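Here is the structure we will look at, set down as structure tokens.
Residue numbers (full-length UniProt numbering): 1 to 85.
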């Protein structure tokens with residue numbers, strides 16, 4: 001999960017280079033680097049939460065960064081993750 005919240009000290013600051021600023025058609029993405037942090041958890045999206053919409057895109061470096069940070073994490077649904085706080 002990506003957030004701009006610094007509320008939790010284990011959120012990991014990402015870099016501007018982790019985000020594409022524009023789509024392939026030249027439109028600016030809604031989600032671009034803005035003091036953006038990675039929540040170090042592998043969250044599952046429920047199908048009931050549809051429709052999903054794409055608001056941003058990670059660069060290959062951003063994808064590698066996220067994969068490296070969450071590779072050993074067990075997948076969780078939001079409700080189970082949030083209950084831990």
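Just so you know, even glycine gets a beta-carbon here, dropped at the ideal spot from N, CA and C.
Since this is a predicted model, take the numbers as computed values, not measurements.
Taking C-alpha positions only, residue 76 is separated from residue 40 by approximately 12 Å. When 3, 74 and 81 are compared, the shortest CA-CA separation from residue 35 is found for 3. Put simply, the backbone Cα of residue 6 is about 20 Å away from that of residue 30. Inter-residue distance for residue 10 and residue 70 is about 13 Å (C-alpha atoms, whole angstroms). By the neighbour-count criterion, in which 16 or more other beta carbons inside 10 Å mark a residue as buried, residue 61 falls on the exposed side. Residue 66 carries a helical assignment under DSSP once its states are collapsed to helix, strand and coil.
Looking at the DSSP output, residue 28 sits in a beta bridge with 22. Classified as exposed, residue 13 has fewer than 16 neighbouring CB atoms from the shown chains inside 10 Å of its CB.
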